[in-house]
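Participant: Please find one structure pasted underneath; my questions will follow.
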Amino acid sequence: MRRRELLALPLAWGAVGRASAAGKYTDKLWQQAMPLYRKMLAHPFLTGLADGTLPMEKFRYYMLQDAIYLGRYAKALNVVAAKAPTQEISQFFAEGAIGCIKEERQMHAQYFSAADLKAARMAPTCAAYTNHMLAVAHQGTFADGVAAVTPCYWIYAEVGRELIKRGSKNKDYQQWINQYGGESYGVTVKRELAVVDGLTYFDASSFEEHFMASVRYEYLFWDMAWRLEKWEP
17 MRRRELLALP LAWGAVGRAS AAGKYTDKLW QQAMPLYRKM LAHPFLTGLA
67 DGTLPMEKFR YYMLQDAIYL GRYAKALNVV AAKAPTQEIS QFFAEGAIGC
117 IKEERQMHAQ YFSAADLKAA RMAPTCAAYT NHMLAVAHQG TFADGVAAVT
167 PCYWIYAEVG RELIKRGSKN KDYQQWINQY GGESYGVTVK RELAVVDGLT
217 YFDASSFEEH FMASVRYEYL FWDMAWRLEK WEP
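Here the working numbering runs 16 ahead of the position in the sequence shown, where the first position is 1.
Given below as structure tokens:
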């Protein structure tokens, strides 16, 4: 549900795509991300979600940091929206930012009070990841911003699709898995990836640098929660 509403808008701007004899650009991107994706699937945080052995303390830590993350992710999406080449694509990302805020309020209220969320301190990895996205969105081109925000939900779609095959004995974890392994979320991801494949006249080396940085941060976010990461005194 969290990222399901981020970009769940129709592709009103018409046909998009960079399909060629070599395949889509997103195919190339996923090949670059694959080694880290496999490492994510083997991480004890995700294996614990699937088999139900993940300590609830670590799941709650993850959810709290996720709430903080989404507020800053929404800001990055708004910047990307402001730089979009068409009104339709701008609306697409702006609606995504609204979805972030809505989901932050609704989903995390299941686990935390307003006071909990207000008192929460952003962990080092969460700060680094969101600072990366915001800096790229503000300082880079529209394509650069898209590169930085794309792994956030693409990774979740792939993880969800894998974990839903395994299931979980813990009902809270199964609920989380269902959110990202479901068909509707997969459709949302395909729509945004069509934006990526529709990009023209952009610096591919810059795009891939920002994209892979966010993929690495996605791995580190799981690891951060597993370690209950804190700032040094």
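Using N, Cα and C, we set each Cβ at its ideal position, and we do this for glycine too.
All figures in this text were calculated on a predicted structure; none of them were measured in a lab.
Leu-244 by DSSP, collapsed to three states: which one?
Facilitator: Here residue 244 refers to the residue found at position 228 of the sequence shown. Of the three classes helix, strand and coil, the one that applies to Leu-244 here is coil, per DSSP.
Participant: Rounded to the nearest angstrom, what separates Leu-209 and Ser-230 at their Cα positions?
Facilitator: Numbered from its first residue, the sequence shown carries residue 209 at position 193. Numbered from its first residue, the sequence shown carries residue 230 at position 214. In a straight line, the C-alpha of Leu-209 is about 15 Å away from that of Ser-230.
Participant: Under 7 Å Cβ to Cβ from Leu-150, same chain only, skipping five residues before and after it: list those, please.
Facilitator: Along the sequence shown, one-based indexing puts residue 150 at 134. Excluding positions up to five away in sequence, the list reads Arg-88, Lys-91 and Ala-92.
Participant: What number of angstroms, rounded off, separates the C-alpha of Leu-65 from the C-alpha of Asn-186?
Facilitator: Indexing the sequence shown from 1 puts residue 65 at position 49. Indexing the sequence shown from 1 puts residue 186 at position 170. Approximately 8 Å, taken between the alpha carbons.
Participant: Take the Cβ of Ala-58 as the centre, count every other Cβ of all protein chains shown within 10 Å, and call the residue buried at 16 or more, exposed below.
Facilitator: The residue given as residue 58 occupies position 42 in the sequence shown. Exposed: under 16 other Cβ atoms inside 10 Å.
Participant: Might you give, ordered along the chain, the residues of its own chain that have their beta carbon closer than 8 Å to the beta carbon of Phe-61, omitting 5 neighbours on each side?
Facilitator: Position 45 of the sequence shown, counted from the start, is the residue given in the question as residue 61. Leu-70, Lys-74, Tyr-78, Trp-238, Asp-239, Ala-241 and Trp-242.
Participant: Quick one: what's got a C-beta closer than 7 Å to Gly-96's C-beta in the same chain, skipping five residues either side?
Facilitator: On the sequence shown, residue 96 is found 80 positions in, with the first residue counted as 1. According to the sequence shown, residue 96 is Val rather than Gly. So the list reads Phe-109, Ala-153, Phe-158, Gly-161, Val-162 and Val-165, once near-sequence residues are dropped.
Participant: Which residue spans inside the segment 40-64 form an unbroken alpha helix (DSSP H) run of at least 4?
Facilitator: 41-57
Participant: To the nearest angstrom, report how far apart Lys-134 and Gly-202 are at their CA atoms.
Facilitator: Here residue 134 refers to the residue found at position 118 of the sequence shown. Here residue 202 refers to the residue found at position 186 of the sequence shown. C-alpha separation (whole angstroms): 32 Å.
Participant: Could you have a look at Thr-141 and say whether DSSP puts it in helix, strand or coil?
Facilitator: Position 125 of the sequence shown, counting from 1, holds the residue named residue 141. Reduced to three states, the DSSP call for Thr-141 is helix.
Participant: Output the distance between the C-alpha atoms of Gln-47 and Gln-103, rounded to the nearest integer angstrom.
Facilitator: In the sequence shown, residue 47 corresponds to position 31, counting from 1. In the sequence shown, residue 103 corresponds to position 87, counting from 1. Taking the straight line from one Cα to the other gives about 31 Å.
Participant: Within 8 Å, do at least three Cβ pairs link the segment 192-201 to the segment 172-182?
Facilitator: yes
Participant: Per DSSP, what kind of secondary structure is Gly-198 in: helix, strand or coil?
Facilitator: Start at 1 with the first residue of the sequence shown, and residue 198 comes out as number 182. Note: Gly-198 maps to coil in three-state DSSP.
Participant: What three-state label does DSSP hand Pro-101 in the structure shown?
Facilitator: Taking the first residue of the sequence shown as position 1, residue 101 is located at position 85. Of the three classes helix, strand and coil, the one that applies to Pro-101 here is coil, per DSSP.
Participant: Do Cys-142 and Tyr-85 have their C-beta atoms within less than 9 Å of each other?
Facilitator: To locate residue 142, count along the sequence shown from 1; it is residue 126. To locate residue 85, count along the sequence shown from 1; it is residue 69. Cβ distance < 9 Å, so Cys-142 and Tyr-85 count as in contact.
Participant: Name the two residues that bound the continuous alpha helix (DSSP H) containing Asp-132.
Facilitator: If you number the sequence shown from 1, residue 132 lands on position 116. Its alpha helix (DSSP H) spans residues 130-135.
Participant: Considering only C-alpha positions, which residue in the set Ala-83, Met-228, Cys-168 and Gly-214 is nearest to Ala-131?
Facilitator: Translated into the one-based positions of the sequence shown, residue 131 becomes position 115. Checking every option, the nearest Cα to that of Ala-131 belongs to Ala-83.
Participant: At what residues does the alpha helix (DSSP H) containing Gly-161 begin and finish?
Facilitator: Indexing the sequence shown from 1 puts residue 161 at position 145. It spans 158-182 - the alpha helix (DSSP H) in which Gly-161 sits, taken as one unbroken run.
Participant: Using 10 angstroms around the beta-carbon of Met-56, count the other beta-carbons present and answer buried if the total reaches 16, otherwise exposed.
Facilitator: Numbered from its first residue, the sequence shown carries residue 56 at position 40. Per the 10 Å Cβ criterion, buried.
Participant: Once the 5 residues before and after Ser-106 are set aside, which same chain residues still bring their CB inside 6 Å of it?
Facilitator: Within the sequence shown, the letter at position 90 stands for residue 106. Around Ser-106: Ala-97 and Ala-100.
Participant: Grab me the residues of Gly-197's own chain with a C-beta within less than 7 Å of its C-beta, minus the 5 sequence neighbours each way, in chain order.
Facilitator: Taking the first residue of the sequence shown as 1, we reach residue 197 at position 181. Cβ within range, chain order: Gly-176, Arg-177, Leu-179 and Ile-180.
Participant: Within this structure, are the beta carbons of Ala-139 and Glu-245 separated by less than 9 Å?
Facilitator: Here residue 139 is taken as the residue at index 123 of the sequence shown, counted from 1. Here residue 245 is taken as the residue at index 229 of the sequence shown, counted from 1. A contact, by the Cβ cut-off of 9 Å.
Participant: To the nearest angstrom, report how far apart Arg-42 and Tyr-53 are at their CA atoms.
Facilitator: Start at 1 with the first residue of the sequence shown, and residue 42 comes out as number 26. Start at 1 with the first residue of the sequence shown, and residue 53 comes out as number 37. In the sequence under discussion, the amino acid at residue 42 is Thr, which differs from the Arg named in the question. Cα-Cα distance, rounded: 15 Å.
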